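Below: the structure, in structure tokens.
Residue numbers (our numbering), protein chains in the order written: chain Y, 1 to 319; chain V, 320 to 668.
Put into structure tokens, the structure is as follows:
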């Protein structure tokens, strides 16, 4: 296998695994920028994955090839419902954000499996018939080198993820709304003084993360897993969280880090077909993304990068 | 209403609200909540076998709750109890089957090995937090996944490719014929005595030693403690290490008591994450943690009976527990409502 063949093999696979993490990590950027820590991304992804699979199995006959896309929207809605619980607890009820995030993770997993058992009488759903399918992007896939890397046998969801990254960057850095989100996360009292509704801004940011997390889970379920069980989403939400921190709370940074985690994940799946990589013990590849996150946190990322008010409930009139 | 009664009432109200919401979920899903909770009750107390199993479920919860609570008291959030538990579980199982020693040495050594390995696993986030200011939440989450992904290769490595280790030798086992015969051959074991000792040890460290005083002080105010001449960094590392040792002991209970070995894992045991709920509900007090562990252990074990007796998926128990955490974490609102209720009563008078 030549080096170019390895690239053609590994890069599309890395992007394939990265797409759900990108989506969810961008959601994480929104909440943390507004000052709410969202450990619950994993639970939100689980709910998104379960709802999309259930929808897909139930309505595949009526919607045909459109089913996965409509399921994406369903997952988005359920992700938002899940995140609204966090928003109420963390923003209005002044609950400890990390603790309520952990509760969201437990609740998401338990509720998803509960409903799957309720509907199908077993812990695992059947495989869906209509998955996201691959296609060659017309014209672009003919470009030498770039074409086979990015546009041959590509998933449309990948491009959705790329678009979301760009939109998130634009919203956060080029619109008044984005400025408000960042202001509320850095210094809520100053923002409040300037007439920004802190609670409302944080609610919206948390709901955005729920929407993107739900979509992320749905992409993972309908493009990679193909069914839902308790172990379908195993750590992707936490990986997205790590990608967001790795990427210094910036959409483009989170995007880059998510691509890297995608690469690490795909190496642990397809690595044994690649020369050199296949000589590495699989356990090293499996723990690589997590170990690298710790090393990156310890080595490259200073303390000052996190939004200042992240994790602190805002209490009006309290200095 | 005094804050003391409130501190006591908030967990109680959270539990009641959690159970009520659980009943509503069952009702909406078309299950009979009365039948569901009756099955839960029978699963806890229904027979001497179920009762024995309930006790053995409670034992690791006591330790995982103590682990989370201990770190909390120093202002640290140890989400990594799950990973520390897995590594401790492995260590105890390995020492239990691979070494040959007389009981009086073997059992303590196996338990100690679990505590040490759990402590070592928690040392990494502790030192990173103290030296480099890296947030312990992210590091402990990552350490959980590293533990989960490396445990199966570790088991394979020490057994020559098997999926489970051999049972620990009789000399390292916490199991007892006596307790089993008493409870209709459940897996109840002597670990409950060690758990009670654990509760006492945490109380003793926190309330009766200089170390405990410093740890609590750092938890209250890091800067003031530093100014008073305490070594904050040392205390952060120590707090994580002791917390990790408790987590490792939870693993030892599973290795030497419940299962007698360690089998390959595809997902987390959940005991470590539930420890967060136990600590929160127990208000991070050793005795509070004990009672919270009794509650959660009972719910978990009783829940296993729900699918058989009432046809309700036992995930309902996890839903109830998650809701209890949410309500307990939102204690501010419950306090607010209690205050309002207290005031309106006075006006009526």
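Backbone N, C-alpha and C fix where the C-beta goes; we use that ideal spot for every residue, glycine too. If you're wondering where the values come from, they're calculated on a predicted model, not measured in any experiment.
In terms of Cβ geometry, residue 126(Y) and residue 56(Y) do not form a close pair [threshold 8 Å].
For the C-beta of residue 585(V), the chain Y residues within less than 7 Å are, from N- to C-terminus, 231.
The criterion of a C-beta distance shorter than 8 Å is satisfied by residue 230(Y) and residue 109(Y). Counting C-beta atoms within 10 angstroms of its own C-beta, residue 537(V) has 16 or more neighbours from the protein chains shown and is therefore classed as buried. Residue 17(Y) sits buried, since 16 or more C-beta atoms from the chains shown fall within 10 Å of its C-beta.
At least 8 Å separates the beta-carbon of residue 488(V) from that of residue 578(V). Residues are counted here when their Cβ sits less than 8 Å from a Cβ of chain Y; for the segment 397 to 419 of chain V these are 398, given in chain order. Residue pairing for residue 508(V): DSSP places it in a beta bridge opposite 494(V). Between residue 433(V) and residue 570(V), the C-beta gap is smaller than 8 Å, which places the two residues in contact. The CB of residue 96(Y) comes closer than 8 Å to the CB of 648 in chain V, given here in chain order. By the 16-neighbour rule on beta-carbons within 10 angstroms, residue 93(Y) is buried. Counting other Cβ atoms within 10 Å of its Cβ, residue 372(V) reaches 16 or more and is therefore classed as buried. Spanning the alpha carbons of residue 175(Y) and residue 183(Y) requires a straight line of approximately 12 Å.
Taking all protein chains in view, the Cβ of residue 605(V) is crowded by 16 or more other Cβ atoms within 10 Å, so the residue is classified as buried.
Rounded to whole angstroms, the separation of the alpha carbons of residue 561(V) and residue 511(V) is 20 Å. The beta carbon of residue 442(V) does not come within 8 Å of any beta carbon belonging to chain Y, so the residue lies off that interface.
A straight line joining the alpha-carbon of residue 540(V) with that of residue 196(Y) spans about 31 Å. Within chain Y, the residues placing a beta-carbon under 9 Å from that of residue 592(V) are 102, 105, 106, ordered along the chain. Listed by position along chain V, the residues whose Cβ is nearer than 9 Å to that of residue 209(Y) form an empty set, because the closest Cβ is around 17 Å away.
Assigned with DSSP and collapsed to three states, residue 546(V) falls in helix. In this structure, residue 441(V) sits away from residue 574(V), with a CB-CB distance that is not shorter than 8 Å.
Relative to the Cα of residue 13(Y), the nearest Cα in the group 203(Y), 151(Y), 291(Y), 169(Y) belongs to 151(Y). Boundaries of the alpha helix (DSSP H) around residue 120(Y): 97 to 120. Runs of the alpha helix (DSSP H) lying entirely within the segment 326 to 390 of chain V and spanning at least 4 residues, in chain order: 352 to 364. Not one beta carbon of chain Y lies nearer than 8 Å to the beta carbon of residue 336(V). DSSP places residue 154(Y) within a strand segment (E or B) once states are collapsed to three.
Where residue 401(V) is concerned, the enclosing alpha helix (DSSP H) starts and stops at 400 to 417.
Just measuring C-alpha positions, the residue of 269(Y), 259(Y), 210(Y), 203(Y) sitting nearest residue 78(Y) is 210(Y).
447, 451, 452, 453, 456, 457, 458, 460, 461, 464, 465, 468, 469, 472: these are the residues of the segment 446 to 473 of chain V whose beta carbon lies less than 7 Å from some beta carbon of chain Y, given in chain order. Shown here, residue 180(Y) sits in a helix according to DSSP, grouped into three states. Within chain Y, 99 have C-beta atoms less than 8 Å from the C-beta of residue 599(V), given in sequence order.
Comparing C-alpha distances from residue 626(V) to each of 358(V), 401(V), 651(V), 335(V) shows the shortest one belongs to 358(V).
Residue burial is scored here from C-beta neighbours: residue 450(V) has fewer than 16 other C-beta atoms within 10 angstroms and is therefore classed as exposed.
Under the Cβ distance rule, residue 635(V) counts among the residues neighbouring chain Y, one pair being separated by less than 8 Å. As the crow flies, the alpha-carbon of residue 294(Y) is around 30 Å from that of residue 429(V).
Taking C-beta atoms as the reference points, residue 482(V) and residue 598(V) fail to come closer than 8 Å.
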